[in-house]
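Contents: one structure, followed by commentary.
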Amino acid sequence: MKPLEIGFIGLGRMGQNMVSKMLSSKTVRVVVWNRDQQKVQKMVEQGAVGAQDIQELLGLLKQSRKIVWLMLPAGEVTEAMFNKVLPLLKSDDIIIDGANSNYKDSKRRHRLAKERGVDMLDVGVSGGIIAAQTGYPMMVGGKQEVFDYLAPIFNSFGITEGVDLVGGQGAGHYVKMIHNAIEYGMMQAIAEGFDLLKNGSMENLDLKKISHLWNHGTIVSSFLMQMTESALKKDVSLEQIKAFVADSGEGKWSVEEAIANDVPFIANTYALQARFQSRDPNSFTFKLLAALRNEFGGHAVSKED
Ligand SMILES: NC(=O)c1ccc[n+]([C@@H]2O[C@H](COP(=O)([O-])OP(=O)(O)OC[C@H]3O[C@@H](n4cnc5c(N)ncnc54)[C@H](OP(=O)(O)O)[C@@H]3O)[C@@H](O)[C@H]2O)c1
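If you want it as C-alpha cells, here you go:
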C-alpha cells in the first residue's frame with residue numbers, strides 16, 4: 003500500500019518536531035508550508051516536500067483524498083487559515099486542526115466543513131517539546147471512519163496508546179481544554195510545595211535533591227515533577243525568571259464550562275486565579291488590603307521607595 007500523504011501547515015515549535023517525527027517513521031509523505039520559508043527549507047532537508055504557498059501545497063498532494071493539518075496558534079490565525087484552505091478542498095477531503103482551539107470554534111468549523119462535504123478532526127496535541135522524543139499523545143474528535151483512515155499518520159507520531167478518538171465534533175479540543183486546566187492545578191500545587199520547602203521553617207533544604215528524590219517512586223513523581231527537577235537543576239534560585247505566568251485560554255474556558263454546568267472546579271479555578279495574580283507587581287487589590295488594615299486597625303503600611 004502506498005504511504006498516506008499529508009499537507010502540513012505551521013512549522014513552529016510543535017509543527018517542526020511533529021513533521022520530523024512523521025518523516026523519520028518513513029510511512030508518510032509530508033508536504034509542508036510555513037510563513038517563514040526558512041523553516042520549510044529545514045524540513046525539506048529532512049525529506050519533506052516544500053511548498054511556497056497554500057495553492058502549491060494542495061497541488062503537491064497527489065492522492066485523491068487530500069489531508070491537510072493546521073498547526074497554528076488558536077484563534078484568529080487558525081480561523082484565517084481554515085477559511086483559506088476549506089474552499090480549496092473537495093468532498094471527502096480531510097482537514098485537521100491540531101491547535102489548542104476552543105471547542106466551540108471547532109464545532110462551528112466541523113459544521114462549515116460538513117457543508118462542503120469535507121471531513122474534519124479536531125485534535126488536542128499534548129506532550130510539549132519533549133514529545134519530539136517520547137511521541138505525541140493526541141485526543142481526537144470527529145468520525146470513527148476518518149480517525150481509522152488516518153491511523154498510519156497517527157501511528158507515525160511515535161505513540162499508539164496515547165492517541166485515541168474521544169468523541170464526536172469538538173470532543174478532542176474539549177478534552178484537551180480540561181487536560182490543560184488540570185495541568186494548571188498540578189503545576190500550582192508543585193510550585194507552592196517547593197515555595198514552602200524553600201521558605202518554611204526548615205532551613206537549607208536542597209530543592210534539587212528533593213525534586214530528584216521525588217521522581218523516584220514517590221506518589222508525586224510525574225512528568226511535571228521531572229520538569230521541576232530540570233528547571234531547578236538549571237538554576238535553583240530561579241533568579242533570572244520573572245514571576246509572571248501567562249495562560250493560553252484553556253484554563254479560562256474550563257472554568258467557564260464548570261460554572262455553566264454547576265460543576266465544582268475549585269483547585270483548577272484557584273490555579274487560574276493565581277496566574278492572574280502573578281501578573282501585577284503593583285496589585286491594586288493588595289494595596290487596598292494594606293490600606294484597609296491601616297484604616298481600621300492602624301497597622302503599618304509599607305511605602306513605595
Ligand atoms: N508549545 C506547546 O507545548 C504546545 C503543546 C500542545 C499544543 N500546542 C498548540 O500547538 C499550536 C502551535 O504551537 P507552537 O508552540 O508550535 O507555536 P509557535 O512555535 O509559536 O509557532 C506558531 C506557528 O504558527 C505560524 N504563524 C503564526 N502567525 C501566523 C500567521 N499570521 N500566518 C501564518 N502563520 C502564522 C508560525 O509561523 P512562522 O514560523 O512564520 O512564525 C509558526 O509556524 C498552538 O495552537 C498551541 O496552542 C502547543
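The sequence shown runs 3 to 307 under the working numbering. The beta-carbon is built from N, C-alpha and C at its ideal position, and this holds for glycine as well.
Practice task
Could you name the residues of the same chain whose beta carbon sits closer than 6 Å to that of residue 190, not counting the 5 residues immediately before and after it, in chain order?
Solution key: Taking the sequence shown and counting its residues from 1, one reaches residue 190 at position 188. Closer than 6 Å at Cβ, skipping near neighbours: 273, 276.
Practice task
Evaluate residue 19 with the Cβ neighbour count: other Cβ atoms within 10 Å of its Cβ, from every protein chain shown; 16 or more gives buried, anything less gives exposed.
Solution key: Counted from its first residue, the sequence shown places residue 19 at position 17. Residue 19 should be labelled buried.
Practice task
Evaluate residue 252 with the Cβ neighbour count: other Cβ atoms within 10 Å of its Cβ, from every protein chain shown; 16 or more gives buried, anything less gives exposed.
Solution key: As a position in the sequence shown, residue 252 is number 250, starting the count at 1. Looking at its Cβ environment, which holds 16 or more other Cβ atoms inside 10 Å, residue 252 is buried.
Problem - Residue range of the unbroken alpha helix (DSSP H) whose run includes residue 60 - result: Working through the sequence shown from its first residue, we reach residue 60 at position 58. Where residue 60 is concerned, the enclosing alpha helix (DSSP H) stretches over 56-61.
Practice task
Please find out if some non-hydrogen atom of ligand 1 comes closer than 6 Å to the beta-carbon of residue 1.
Solution key: Because the chain here runs from 3 to 307, residue 1 falls outside it and cannot be looked at.
Handout entry: residue 197 - containing alpha helix (DSSP H), residue span
Key = If you number the sequence shown from 1, residue 197 lands on position 195. Taken as a continuous stretch (DSSP letters only), the alpha helix (DSSP H) holding residue 197 covers 173-201.
Problem - Where residue 83 falls, given that 16 or more other Cβ within 10 Å makes a residue buried - result: Counting from 1 along the sequence shown, the entry for residue 83 is found at position 81. With 16 or more other Cβ atoms within 10 Å, it is buried.
Practice task
Answer yes or no: do residue 178 and residue 141 have a C-beta to C-beta separation smaller than 7 Å?
Solution key: In the sequence shown, residue 178 corresponds to position 176, counting from 1. In the sequence shown, residue 141 corresponds to position 139, counting from 1. Yes, Cβ-Cβ distance for residue 178 and residue 141 is below 7 Å.
Handout entry: 7 Å Cβ cutoff met for residue 34 and residue 21
Key = Indexing the sequence shown from 1 puts residue 34 at position 32. Indexing the sequence shown from 1 puts residue 21 at position 19. The Cβ atoms of residue 34 and residue 21 lie closer than 7 Å to each other.
Problem - residue 291, buried or exposed, once every other Cβ within 10 Å from all chains shown has been counted against 16 - result: Here residue 291 is taken as the residue at index 289 of the sequence shown, counted from 1. By the 16-neighbour rule on beta-carbons within 10 angstroms, residue 291 is exposed.
Handout entry: Sheet register partners of residue 35 (DSSP bridge)
Key = Counted from its first residue, the sequence shown places residue 35 at position 33. DSSP output for residue 35 lists 11 as bridge partner(s).
Exercise for the section: Taking only the alpha-carbon atoms, compute the straight-line gap between residue 262 and residue 104 and give it to the nearest angstrom. Expected result: Residue numbering aside, residue 262 sits at position 260 when the sequence shown is read from its first letter. Residue numbering aside, residue 104 sits at position 102 when the sequence shown is read from its first letter. C-alpha separation (whole angstroms): 15 Å.
Practice task
Give a single yes or no on whether residue 13 has its beta carbon closer than 6 Å to a heavy atom of ligand 1.
Solution key: On the sequence shown, residue 13 is found 11 positions in, with the first residue counted as 1. It does: the Cβ of residue 13 is within 6 Å (strictly closer) of some heavy atom of ligand 1.
Problem - Which residues DSSP lists as bridging residue 166, in chain order - result: Stepping through the sequence shown from its first residue, residue 166 is reached at position 164. Answer is 141, bridged to residue 166.
Problem - Check whether residue 25 and residue 48 have beta carbons under 7 Å apart - result: Translated into the one-based positions of the sequence shown, residue 25 becomes position 23. Translated into the one-based positions of the sequence shown, residue 48 becomes position 46. Yes, these two residues count as a Cβ contact at 7 Å.
Handout entry: the segment 219-228 in contact with the segment 180-195 per 3-pair CB rule at 8 Å
Key = Touching, yes, given that three or more Cβ pairs across the two stretches are closer than 8 Å.
Problem - Alpha-carbon spacing of residue 37 relative to residue 45, whole angstroms - result: On the sequence shown, residue 37 is found 35 positions in, with the first residue counted as 1. On the sequence shown, residue 45 is found 43 positions in, with the first residue counted as 1. Cα atoms of residue 37 and residue 45: separation of roughly 13 Å, rounded to the nearest angstrom.
Practice task
Just list the beta strand (DSSP E) runs in the segment 212-251, keeping only unbroken ones of 3 residues or longer that don't cross its boundaries, in chain order.
Solution key: For the segment 212-251, not a single whole beta strand (DSSP E) run of length 3 or above is found.
Problem - Cα-Cα separation between residue 129 and residue 160, rounded to whole angstroms - result: Here residue 129 refers to the residue found at position 127 of the sequence shown. Here residue 160 refers to the residue found at position 158 of the sequence shown. In this structure, the straight-line span from the alpha carbon of residue 129 to that of residue 160 is close to 12 Å.
Handout entry: residue 122 in three-state terms, based on DSSP
Key = The sequence position of residue 122 within the sequence shown is 120, counting from 1. For residue 122, the secondary structure class from DSSP, reduced to helix, strand or coil, is strand.
Practice task
Tell me whether residue 23 is buried or exposed, calling it buried when 16 or more other Cβ atoms sit within 10 Å of its Cβ.
Solution key: Taking the first residue of the sequence shown as 1, we reach residue 23 at position 21. Around the C-beta of residue 23, 16 or more other C-beta atoms lie within 10 Å, and the residue is accordingly described as buried.
Practice task
Kindly indicate which three-state DSSP category residue 299 falls into: helix, strand or coil?
Solution key: The count along the sequence shown starts at 1 and reaches residue 299 at position 297. DSSP places residue 299 within a helical segment (H, G or I) once states are collapsed to three.
Exercise for the section: Please report how far the alpha carbon of residue 69 lies from the alpha carbon of residue 250, in whole angstroms. Expected result: Your numbering for residue 69 matches position 67 in the sequence shown. Your numbering for residue 250 matches position 248 in the sequence shown. Rounded to whole angstroms, residue 69 to residue 250 spans 27 Å at the Cα level.
Exercise for the section: Specify the secondary structure class of residue 209 as computed by DSSP and reduced to three states. Expected result: Numbered from its first residue, the sequence shown carries residue 209 at position 207. Correct three-state label for residue 209: helix.
Problem - Anticipated Cβ contact below 8 Å, residue 73 with residue 101, distance rounded - result: The sequence position of residue 73 within the sequence shown is 71, counting from 1. The sequence position of residue 101 within the sequence shown is 99, counting from 1. That pair is a contact at about 7 Å.
Problem - For residue 257, three-class secondary structure by DSSP - result: Looking up residue 257 in the sequence shown gives position 255. Reduced to three states, the DSSP call for residue 257 is helix.
Handout entry: Status (buried if at least 16 other CB within 10 Å, exposed otherwise) for residue 41
Key = The residue given as residue 41 occupies position 39 in the sequence shown. Taking every protein chain shown into account, the CB of residue 41 has 16 or more other CB atoms within 10 angstroms, so this residue is buried.
Handout entry: Close beta carbons around residue 207, own chain, < 6 Å, minus the five adjacent residues each side
Key = The residue given as residue 207 occupies position 205 in the sequence shown. Within the same chain, residue 207 has close Cβ partners 199.
Exercise for the section: Could you tell me the boundaries of the beta strand (DSSP E) in which residue 70 lies? Expected result: Position 68 of the sequence shown, counted from the start, is the residue given in the question as residue 70. Unbroken beta strand (DSSP E) run through residue 70: 69-72.
Problem - Beta carbon of residue 181 nearer than 7 Å to that of residue 124 - result: Here residue 181 corresponds to residue number 179 of the sequence shown, with the count starting at 1. Here residue 124 corresponds to residue number 122 of the sequence shown, with the count starting at 1. It is not a contact, given that the beta carbons lie outside the stated cut-off.
Handout entry: Own chain partners of residue 217 with C-beta closer than 7 Å, once the 5 adjacent residues on each side are dropped
Key = Working through the sequence shown from its first residue, we reach residue 217 at position 215. Only 223, 227, 228, 231 meet the Cβ criterion.
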